[in-house]
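Numbering (the working numbering), first residue to last: 74 to 295.
Report on the following structure.
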């Protein structure tokens, strides 16, 4: 006599081939466990499972583990018996909406600009040392103050190295007003160039979005 064990978690057959029914050690007669069926489960096809419902076999949909997407890009995974993918389910994630892609690319450009400003400007100091002038947003007031002071000193006829610039290495460099004007002007031009680069990229994003050119949008980087 064969029996078919039933999973206590979902009431499906554990082994479609079944097994021999154990015998009662006293009587030697078959002893059917409480979680088993004596009737063979029905044949099932793809995405189907045999399940016991109210003591009888039923064939139910079995899409467990199946992943699908909807048009809104939401991802879903079926985890229960009897649940089928909806009629409008997609087998793979739909393309990112162009507006969302454009927003993501703008964020990439903003991040690139911030990283470039944070990295600073490589500059050859008056003593011949190559060091980095810090150009972060929080450094701008200091550079502006040094530039204004340098112009005032130059107007007063000052030519001594009476000003000091602290570079990214934390090294202090003594500078004349003319040298300070040169380095602050260079920092200003450096930032202006980076801003122009960022706006060029943003214009490219705008043009690609208006043309609905997904490939062009995807290709845009800092």
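We treat Cβ as the ideally placed atom computed from N, Cα and C, and that holds for glycine.
Paired residues, beta bridge with residue i - DSSP
| i | result |
| --- | --- |
| residue 198 | Note: residue 198 sits in no beta bridge, so no partner. |
| residue 134 | 121 |
| residue 93 | 75 |
| residue 267 | DSSP, once it has assigned bridges, lists no residue as partnering residue 267. |
| residue 85 | 124 |
Inter-residue CB distance, residue i and residue j (contact presumed, cutoff 8 Å)
| i | j | result |
| --- | --- | --- |
| residue 142 | residue 165 | 7 Å |
| residue 139 | residue 158 | 6 Å |
| residue 78 | residue 108 | 6 Å |
| residue 154 | residue 181 | About 44 Å separates the two Cβ atoms, so there is no contact after all. |
| residue 171 | residue 287 | 6 Å |
Among the options, the one whose alpha carbon lies nearest that of residue i
| i | options | result |
| --- | --- | --- |
| residue 267 | 78, 90 and 190 | 190 |
| residue 227 | 250, 210 and 213 | 250 |
| residue 261 | 220, 278 and 276 | 220 |
| residue 113 | 281, 90 and 291 | 90 |
| residue 192 | 235, 241 and 151 | 241 |
| residue 76 | 82, 98, 99 and 104 | 104 |
| residue 257 | 212, 175 and 243 | 212 |
| residue 148 | 168, 129 and 172 | 168 |
| residue 188 | 210, 174 and 202 | 210 |
| residue 120 | 295, 100, 156 and 99 | 156 |
Cβ neighbours of residue i in the same chain (closer than 8 Å, five flanking residues each side left out)
| i | result |
| --- | --- |
| residue 232 | 249, 250 and 251 |
| residue 84 | 124, 125 and 126 |
| residue 163 | 141, 142, 143 and 144 |
| residue 259 | 194, 196 and 206 |
| residue 183 | 271 |
Own chain partners of residue i with C-beta closer than 7 Å, once the 5 adjacent residues on each side are dropped
| i | result |
| --- | --- |
| residue 178 | 278, 290 and 293 |
| residue 161 | 143 and 144 |
| residue 239 | 245 |
| residue 96 | 102, 103 and 104 |
| residue 204 | 196, 198, 240, 241, 242 and 244 |
Residue i, buried or exposed, once every other Cβ within 10 Å from all chains shown has been counted against 16
| i | result |
| --- | --- |
| residue 272 | exposed |
| residue 237 | exposed |
| residue 82 | exposed |
| residue 208 | buried |
| residue 264 | buried |
| residue 282 | buried |
| residue 253 | buried |
| residue 217 | exposed |
| residue 229 | exposed |
| residue 122 | buried |
Contact test: residue i Cβ vs the ligand MG heavy atom, cutoff 7 Å
| i | result |
| --- | --- |
| residue 100 | As for the ligand MG, it is missing from this structure, which has no ligand bound. |
6 Å CB neighbourhood of residue i in its chain, flanking five on each side removed
| i | result |
| --- | --- |
| residue 110 | 77 |
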